[in-house]
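Structure, as structure tokens:
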Amino acid sequence: MTDNITGQPVLPPEIEITGWGRYPASPTRVFPVQSTAEPGQILKARQGKSLLGRGAGRAYGDAALNRSNFCLDFMPYNRFLDFDEQTGILRAEAGVTLEQILETFVPQGWFLPVTPGTKYPTLGGSVACDVHGKSSHSLSHYVERLHMLLADGSYVACSAKELPDLFWATVGGMGLTGLILEVELKMTRIETCLIRYQGVKAHNLQEIFRLFEETEEWPMTVAWVDCLARGKNLGRSIMMRGAFARQHELKSLAQQSRARSVPHKGKLTVPFAFPAWSLNKLSVTAFNTFYYGKHPRCLDTIMDYDSFFYPLDSILQWNLIYGGPGLVQYQFLIPLEQGFEGVKTLLEEISATGRASFLAVLKKFGNIQNPGMISFPAPGYFLALDFPVGGGEILKHMDQWDKLVLKYGGRIYLAKDARMKRESFNAMYPRLDEWRAVKQKYDPENVFSSDLAQRLGLVNKAGG
Amino acid sequence: MTEQKMKNILILGANSGMARALARELASPQVQLILAGRKVAELEKSAKDLEIRGHGPAPKVVSFNALETGQHEQFLPEVLSRVETLDEVYLFFGQLHGQAEAQKDFSLAWEMLMTNYVGAVSILERVAAYMEKRGQGIIIGVSSVAGDRGRQSNYLYGSSKAGLTVYLQGLRNRLARSGVHVLTVKPGFVDTPMTRNKKKGLLFTQPKAIAQGMLKAVRARKNSVYLPGFWKYIMLIIRSVPESVFKKLKM
Ligand SMILES: Cc1cc2nc3c(=O)[nH]c(=O)nc-3n(C[C@H](O)[C@H](O)[C@H](O)COP(=O)(O)OP(=O)(O)OC[C@H]3O[C@@H](n4cnc5c(N)ncnc54)[C@H](O)[C@@H]3O)c2cc1C
Ligand SMILES: NC(=O)c1ccc[n+]([C@@H]2O[C@H](COP(=O)([O-])OP(=O)(O)OC[C@H]3O[C@@H](n4cnc5c(N)ncnc54)[C@H](OP(=O)(O)O)[C@@H]3O)[C@@H](O)[C@H]2O)c1
Chain A
589 MTDNITGQPV
599 LPPEIEITGW
609 GRYPASPTRV
619 FPVQSTAEPG
629 QILKARQGKS
639 LLGRGAGRAY
649 GDAALNRSNF
659 CLDFMPYNRF
669 LDFDEQTGIL
679 RAEAGVTLEQ
689 ILETFVPQGW
699 FLPVTPGTKY
709 PTLGGSVACD
719 VHGKSSHSLS
729 HYVERLHMLL
739 ADGSYVACSA
749 KELPDLFWAT
759 VGGMGLTGLI
769 LEVELKMTRI
779 ETCLIRYQGV
789 KAHNLQEIFR
799 LFEETEEWPM
809 TVAWVDCLAR
819 GKNLGRSIMM
829 RGAFARQHEL
839 KSLAQQSRAR
849 SVPHKGKLTV
859 PFAFPAWSLN
869 KLSVTAFNTF
879 YYGKHPRCLD
889 TIMDYDSFFY
899 PLDSILQWNL
909 IYGGPGLVQY
919 QFLIPLEQGF
929 EGVKTLLEEI
939 SATGRASFLA
949 VLKKFGNIQN
959 PGMISFPAPG
969 YFLALDFPVG
979 GGEILKHMDQ
989 WDKLVLKYGG
999 RIYLAKDARM
1009 KRESFNAMYP
1019 RLDEWRAVKQ
1029 KYDPENVFSS
1039 DLAQRLGLVN
1049 KAGG
Chain B
4 MTEQKMKNIL
14 ILGANSGMAR
24 ALARELASPQ
34 VQLILAGRKV
44 AELEKSAKDL
54 EIRGHGPAPK
64 VVSFNALETG
74 QHEQFLPEVL
84 SRVETLDEVY
94 LFFGQLHGQA
104 EAQKDFSLAW
114 EMLMTNYVGA
124 VSILERVAAY
134 MEKRGQGIII
144 GVSSVAGDRG
154 RQSNYLYGSS
164 KAGLTVYLQG
174 LRNRLARSGV
184 HVLTVKPGFV
194 DTPMTRNKKK
204 GLLFTQPKAI
214 AQGMLKAVRA
224 RKNSVYLPGF
234 WKYIMLIIRS
244 VPESVFKKLK
254 M
């Protein structure tokens, strides 16, 4: 960032950036990272400003914003550095996107071990959020090693074995422990990239919970819940479960010819911010078509992975559908034992506000412990709902919902959050103090910060 | 299936944002890339990436500095000791400093002129001689819209690119008879490290789109191309303003 001839700092302009929800916005100087030496140079010449790694900006809220300070944009830092066909371990720079990984490795019979519901995020950002998908582990389970730049300027590698404290504070650590430069990820072998899919209707919450229980043998599951349904229909939903199809399960030649091909479909682009009401209509229609349309009680088919994992990616910039002020996603987890009660209570509460007139996504995360200190995924039920920010009323409701989430021992996902209060957050993550100690150890001066960190008090001394 | 011949393609300034995008478009089993530039360690990483993405041969890496014109005579023989022939040469390297800074400190102006014009001419003269003798080949030079008309806000950079544009024009004329093709590329604003301190407005393009446009122009044997295409019209207007008026504009 210093000009190599003049020695003068060359600052990028301050621009307004947002997360995927387009709420809130923050003026930030964004440094594109393309070459290996650049993060270190920016760290040296930061002039007292705090730094934050930023990927594709697919986290919804303020996780990748750093008001009046610096962000390092890792998107251009996106090279594959090594791939071992024996072990399936891919080493790549943090800015490669999940889409780039799929385009290169699907034709060779490999898939991401875990993927969120969009393929546009970067690998670094996905590690920092410790993303989860439709399967029962979060991404960190498959991260072999991270290569990082720390606040003191040192370059270190960490993993579950080397500097495990740093590793488990970094996965799910929202970029606050240092810059992730490279990731070593264990990919998953697949026989075909097509999905054997089953969609099953559930008439209410009991039914969908029962389906989740008896669906354990399906490696990937998720449900769309109709939030308009009340009373005895509360929790009306469709369970969508899938598994990578085996070669012998492909019946037609057409299917066999697609067994290793990256689907390329036309994409729609939302051209401008829609009025907020259009969303409700759209998503309700989508659900109803599924539910009342041709969808039989149980649909069994083969589909491409894009349609299964990334249905929303076929509409580019769909976040504009939510209108001017943007959207907030409310995603919470309720531990398994309390799952049914918790989800039921919250669904009732949420639909009572009369605002949640559309879809929610429900999933069950199996009984697998996650050593990430402030990583979101843990055994339990996850429910995610999108809301237009509108006049801001909705944010007050969310504060109330937080209390219910807490009552059931649950938590909110930081990658989606833009508004939670510090007190709620402190009560949600039981290993927060452990995380704070690691932050203190590796970044005592809070070189790394974000709007989210400021809001939730992650860059203050313990408890502050 | 027809057996396709392997093409050897040299990229000068291969660490540039635009060059990286182009190399990704090119990487394939039928292409042997040779990456040349100052930062060899970066190029080694890019080479690995291109090998993995393109499923082709590992790109070769050679050190190259446009300013060290004394080394240029040895450069091509060194490349040709590693590949049999050179079929296409892309020139991407370039230097941009702020106009105001370069007016205050001539060493900055010097660096732009020496890199963008003298360095480019120095290496392309050698490439031209080689291709002329061989009677085939393609040279692709990246100039800029900034070279179309001198403006107070960037004429030091602009004139270096104007020099390159005219050089490429002459070279095209010289080589036309020997079957060597020369393409001049004039990008508008592109989102690369070169423009990192600029505000990115609507006129900015991603390097991938530029790379794809370049390949299309190469295939169509275009002589000169604005990328994206709409710059043709913008520059038409800018060039058509009479000098007596233009000199009074704040541009
Ligand atoms: C349509 C949609 C569906 C989604 N579905 C899911 C889902 O199913 N499951 C799920 O878990 N998430 C989901 N998400 C959230 C999303 O997957 C994650 O937030 C995303 O992976 C973040 O990656 P990113 O590159 O966009 O990072 P950003 O949003 O840019 O950043 C996210 C965080 O990572 C940090 N970060 C980024 N790069 C680096 C780096 N190089 N070094 C250090 N820190 C860094 C940032 O500081 C920030 O805290 C979804 C998002 C969308 C838009
Ligand atoms: N970006 C734009 O808006 C724009 C518009 C029109 C034209 N252009 C032209 O497009 C070309 C590509 O630029 P870019 O946008 O991709 O910018 P870039 O990423 O900054 O690339 C410029 C490259 O030139 C190299 N270089 C500079 N001096 C050199 C020297 N003495 N020897 C060898 N290499 C040298 C740099 O090498 P290092 O990596 O070693 O520093 C760098 O890789 C340039 O010629 C530029 O003038 C750019």
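Protein sequence lines correspond, in order, to chains A and B. Per my numbering: the first sequence ends with 1052, consecutive numbering throughout. Per my numbering: the second sequence ends with 254, consecutive numbering throughout. Note that CB positions come from ideal geometry on N, CA and C, so glycine has one too. Remember, it's a predicted structure, so these values are computed and weren't measured experimentally.
First and last residue of the alpha helix (DSSP H) that includes Gly161/B?
The residue you call residue 161/B lines up with position 158 of the second sequence. That run of the alpha helix (DSSP H) goes 158–178.
According to the Cβ coordinates, are Thr710/A and Gly643/A closer than 8 Å?
Taking the first residue of the first sequence as 1, we reach residue 710/A at position 122. Taking the first residue of the first sequence as 1, we reach residue 643/A at position 55. Contact: yes.
Beta-carbon of Asp90/B versus every beta-carbon of chain E: anything under 8 Å?
In summary, chain E is missing from the structure at hand, where the protein chains are A and B.
Which residues bound the beta strand (DSSP E) around Cys781/A?
The residue labelled residue 781/A in the question sits at position 193 within the first sequence. No beta strand (DSSP E) contains Cys781/A, which DSSP labels as neither H nor E.
Taking 7 Å as the line, does the beta carbon of Ser902/A fall inside it for any heavy atom of ligand 1?
To locate residue 902/A, count along the first sequence from 1; it is residue 314. Every heavy atom of ligand 1 is 7 Å or more from the Cβ of Ser902/A, so no.
How would you write the range of the alpha helix (DSSP H) that Ser845/A sits in, first residue to last?
For the purposes of this step, residue 845/A is taken as residue 257 along the first sequence, with counting starting at 1. First-last of the alpha helix (DSSP H) with Ser845/A: 841–845.
For Phe309/B and Ser1038/A, I'd like the C-alpha separation in whole angstroms.
Because residue 309/B is not part of the residues shown, which for chain B are 4 to 254, the question remains open.
Taking the alpha helix (DSSP H) that Ser895/A belongs to, which residues open and close that run?
As a working note, residue 895/A is residue 307 in the first sequence. Counting along the chain, the alpha helix (DSSP H) containing Ser895/A begins and ends at 893–897.
Alpha carbon to alpha carbon, how far is Gln622/A from Lys48/B? Give it in angstroms, no decimals.
Here the question's residue 48/B lines up with position 45 in the second sequence. Here the question's residue 622/A lines up with position 34 in the first sequence. Lys48/B and Gln622/A: Cα-Cα distance of roughly 12 Å.
7 Å Cβ shell around Phe896/A - same chain, five flanking residues per side excluded:
Mapped onto the first sequence, residue 896/A falls at position 308. Counting only Cβ-Cβ distances below 7 Å, and skipping sequence neighbours, we find Ile783, Tyr785, Gly830.
Given that Ile768/A touches chain B, what residues does it touch there, using C-beta distances under 9 Å?
What you label residue 768/A is simply residue 180 of the first sequence in a count that begins at 1. Per Cβ cutoff of 9 Å: no residues; Ile768/A is ~16 Å from chain B at best.
Tell whether a beta-carbon distance below 8 Å holds between Gly968/A and Leu921/A.
If you number the first sequence from 1, residue 968/A lands on position 380. If you number the first sequence from 1, residue 921/A lands on position 333. Yes.
Which one or two residues does DSSP pair with Cys746/A in a beta bridge?
Counted from its first residue, the first sequence places residue 746/A at position 158. Listed as beta-bridge partners of Cys746/A by DSSP are Leu734/A.
Find the nearest neighbour of Leu116/B within the set Glu76/B, Glu135/B, Asn157/B, judged by alpha-carbon distance.
What you label residue 116/B is simply residue 113 of the second sequence in a count that begins at 1. Among Glu76/B, Glu135/B, Asn157/B, the Cα nearest to that of Leu116/B is on Asn157/B.
Same chain, Cβ closer than 7 Å to Gly763/A, five either side skipped, listed in chain order
Along the first sequence, read from residue 1 onward, the residue named residue 763/A stands at position 175. The answer, listed in chain order, is Leu640, Gly641, Ala716, Phe1036, Ser1038.
Along the chain, where does the alpha helix (DSSP H) that runs through Leu799/A open and close?
Here residue 799/A corresponds to residue number 211 of the first sequence, with the count starting at 1. 793–802 is the span of the alpha helix (DSSP H), which, as asked, contains Leu799/A.
Of the residues Trp906/A, Leu1020/A, Ala1041/A, Arg885/A, the one placed nearest Met1008/A, counting alpha carbons only
Residue mapping note: residue 1008/A aligns to position 420 of the first sequence, counting from 1. Comparing Cα-Cα distances from Met1008/A to each of Trp906/A, Leu1020/A, Ala1041/A, Arg885/A, the minimum goes to Ala1041/A.
Could you tell me how far apart the beta carbons of Phe699/A and Met775/A are, in whole angstroms, since I believe they sit closer than 8 Å?
In the first sequence, residue 699/A corresponds to position 111, counting from 1. In the first sequence, residue 775/A corresponds to position 187, counting from 1. Yes, they are in contact, since the Cβ atoms of Phe699/A and Met775/A sit about 7 Å apart, within 8 Å.
Can we count Ala22/B as close to ligand 2, meaning its CB is less than 7 Å from some heavy atom?
Mapped onto the second sequence, residue 22/B falls at position 19. Yes, the Cβ of Ala22/B comes within 7 Å of a heavy atom of ligand 2.
Taking Cβ to Cβ, would you say Pro196/B is nearer than 8 Å to Pro620/A?
Taking the second sequence and counting its residues from 1, one reaches residue 196/B at position 193. Taking the first sequence and counting its residues from 1, one reaches residue 620/A at position 32. It is a contact, given that the beta carbons lie within the stated cut-off.
The region 137–150 of chain B touching the region 93–100 of chain B, judged by at least three CB pairs closer than 8 Å:
yes
Can you give me the Cβ contacts of Leu36/B inside the same chain, cut-off strictly under 7 Å, excluding the 5 residues immediately before and after it?
As a position in the second sequence, residue 36/B is number 33, starting the count at 1. Result list for Leu36/B: Ile12, Ile14, Ala26, Leu29, Ala30, Leu53, Pro62, in chain order.
Would you call the region 790–802 of chain A and the region 815–829 of chain A touching, i.e. three or more CB-CB distances under 8 Å?
yes
Among Ala123/B, Thr198/B, Arg137/B, Val34/B, which one has its Cα closest to the Cα of Met21/B?
For the purposes of this step, residue 21/B is identified with residue 18 of the second sequence, where counting begins at 1. The shortest Cα separation from Met21/B among Ala123/B, Thr198/B, Arg137/B, Val34/B belongs to Thr198/B.
Can you check which of these residues, Pro695/A, Ala647/A, Gly787/A, Phe662/A, is closest to Asp718/A by C-alpha distance?
Counting from 1 along the first sequence, the entry for residue 718/A is found at position 130. Nearest neighbour of Asp718/A by Cα position, chosen from Pro695/A, Ala647/A, Gly787/A, Phe662/A, turns out to be Ala647/A.
Taking Cβ positions, are Ala613/A and Glu604/A nearer each other than 8 Å?
Against the first sequence, residue 613/A aligns to sequence position 25. Against the first sequence, residue 604/A aligns to sequence position 16. Cβ distance < 8 Å, so Ala613/A and Glu604/A count as in contact.
Does the beta-carbon of Thr710/A, which I'm using as the reference point, lie nearer than 7 Å to any heavy atom of ligand 1?
Position 122 of the first sequence, counting from 1, holds the residue named residue 710/A. Checking the Cβ of Thr710/A against ligand 1 gives yes.
Excluding the five sequence neighbours on either side, which residues of its own chain have a C-beta within less than 8 Å of the C-beta of Arg667/A, listed in chain order?
In the first sequence, residue 667/A corresponds to position 79, counting from 1. For Arg667/A, where only same-chain residues beyond five positions count, the Cβ hits under 8 Å are Ala680, Glu681, Val684.
State yes or no: is the C-beta of Leu994/A within less than 8 Å of the C-beta of Ala1015/A?
Numbered from 1 along the first sequence, position 406 holds the residue referred to as residue 994/A. Numbered from 1 along the first sequence, position 427 holds the residue referred to as residue 1015/A. Yes; because the gap between Cβ atoms is below 8 Å, this pair is in contact.
At what residues does the beta strand (DSSP E) containing His584/A begin and finish?
A question about residue 584/A goes unanswered here, because the residues of chain A that appear run from 589 up to 1052.
Can you tell me whether Thr889/A is helix, strand or coil according to DSSP?
Within the first sequence, numbered from 1, the residue matching residue 889/A stands at position 301. The answer is strand: DSSP assigns Thr889/A an E or B state.
Cβ of Val759/A versus every heavy atom of ligand 1: is any distance shorter than 7 Å?
Mapped onto the first sequence, residue 759/A falls at position 171. Checking every heavy atom of ligand 1 against the Cβ of Val759/A, none is found closer than 7 Å.
Quick one: grab the DSSP three-state call for Gly140/B.
On the second sequence, residue 140/B is found 137 positions in, with the first residue counted as 1. Gly140/B: strand per DSSP, three-state reduction.
Three-state secondary structure assigned by DSSP to Thr198/B:
Position 195 of the second sequence, counted from the first residue, corresponds to residue 198/B. Residue state, collapsed to three classes: helix.
Leu678/A to Gly721/A span [Cα, whole Å]:
On the first sequence, position 90 is the one that residue 678/A refers to. On the first sequence, position 133 is the one that residue 721/A refers to. Leu678/A and Gly721/A: Cα-Cα distance of roughly 19 Å.
Residue-level contact to chain A via CB, Lys251/B, 8 Å cutoff:
Residue mapping note: residue 251/B aligns to position 248 of the second sequence, counting from 1. Chain A contact via Cβ: absent.
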